[in-house]
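Q:
In the numbering used here, the protein residues as written are 213 to 326.
(1) Using 10 angstroms around the beta-carbon of residue 268, count the other beta-carbons present and answer buried if the total reaches 16, otherwise exposed.
(2) Starting from the Cα of residue 299, find the closest Cα among 253, 285, 276 and give me that residue.
(3) Beta-carbon within less than 6 Å of residue 262's beta-carbon, same chain only, minus the 5 sequence neighbours each way: which residues are those?
(4) Could you pull out every residue in the same chain whose Cβ sits closer than 8 Å to the Cβ of residue 253, ignoring the five residues on either side in sequence?
(5) Does the Cβ of residue 246 have 16 or more other Cβ atoms within 10 Å, making it buried, or fewer, making it exposed?
(6) In whole angstroms, give me the CA-to-CA distance for residue 307 and residue 238.
Here is the structure:
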């Protein structure tokens, strides 16, 4: 009977799965924050595309569009800072989430080609 209790089967590891950090909404919110001060119809389309994303890889391929949108309304340095902050959160997310693997995301420079 005791062998069926959940704490007997699992080894102790980093327990991030109970936190908000490992939810897709955490990454989507970072996208929203990056473009929050921009008023453009493209922002509305990008937001609609965010709603349809199911994996971090889907979000990864929207980075190029986000970078272009921010560069258009601000400067390229601000775009790099905001997308860089997003990249750090994405890398943390896939490195610590039990359902995703860090190798699922393409390399960094590839995203700027979109």
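A virtual CB, placed ideally from N, CA and C, is assigned to each residue, including glycine.
The structure presented is a predicted model; accordingly, all values stated were derived computationally and were not measured.
A: To lay it out plainly:
(1) buried
(2) 276
(3) 240, 243
(4) none
(5) buried
(6) 14 Å
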